[in-house]
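Okay, so here's the structure we're looking at.
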Ligand SMILES: [Zn+2]
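Numbering (this note's numbering), first residue to last: 104 to 268.
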């Protein structure tokens, strides 16, 4: 059974929940159905895939840890210089560490071993190796999570509720 995207009353994505919990929210009248997948739990009750809360919920900001795994995920497991996708992926400091480049979302990108060696101790412009996209901090941990589902091919219907995925 699928997961359900919960939208805030403002239509902003809030979290991902189980279909069971989503059904409870619907039955209690705390949420309304926005999208369903055409399957029915019982007559006239389609299985939700997106619901929206009737009352606005304030959400505390949750930080996404800067880890190798999360950087690879942000970069779609592809070299940000040549587009290679495979096992030989490393992390590259855009501004090399030896030249003061720190560890941050803006300065760490996924690079294949070949590109990393070729770039060496240079900046992308010195090495004439342009980045395919500007590295940034992911918008929020929820967007990060939602992107995983969409990229894996499930829950395509969530796409229109999440900008930039
Ligand atoms: Zn590469």
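Virtual Cβ for every residue (Gly too), placed ideally from N, Cα, C. Owing to the predicted nature of the structure, the values given are computational and were not obtained by experimental measurement.
- A residue is called buried when at least 16 other Cβ atoms come within 10 angstroms of its Cβ; residue 195 meets this threshold and is buried.
- Segment contact: the region 197 to 217 against the region 236 to 252, three or more CB-CB distances shorter than 8 Å; contact assigned.
- Residue 189 is positioned such that its CB atom lies no closer than 9 Å to that of residue 218.
- In this structure, ligand 1 has no non-hydrogen atom nearer than 8 Å to the beta-carbon of residue 200.
- A contact is defined here as three or more CB-CB pairs under 8 Å, and the region 173 to 191 fails this definition with respect to the region 138 to 158.
- For residue 227, there is no enclosing beta strand (DSSP E); the residue is found in the alpha helix (DSSP H) stretching over 227 to 230.
- With fewer than 16 other CB atoms across the displayed protein chains lying within 10 angstroms of its CB, residue 257 is exposed.
- Taking 8 Å as the cut-off, one finds no heavy atom of ligand 1 near enough to the beta carbon of residue 230.
- Taking a C-beta distance under 9 Å as the contact criterion, residue 141 and residue 254 do not qualify as a contact pair.
- Nearest C-alpha to residue 212 among 263, 246, 233: 233.
- Burial is judged here by how many other beta carbons sit within 10 angstroms of a residue's own beta carbon; residue 163 has fewer than 16 and is exposed.
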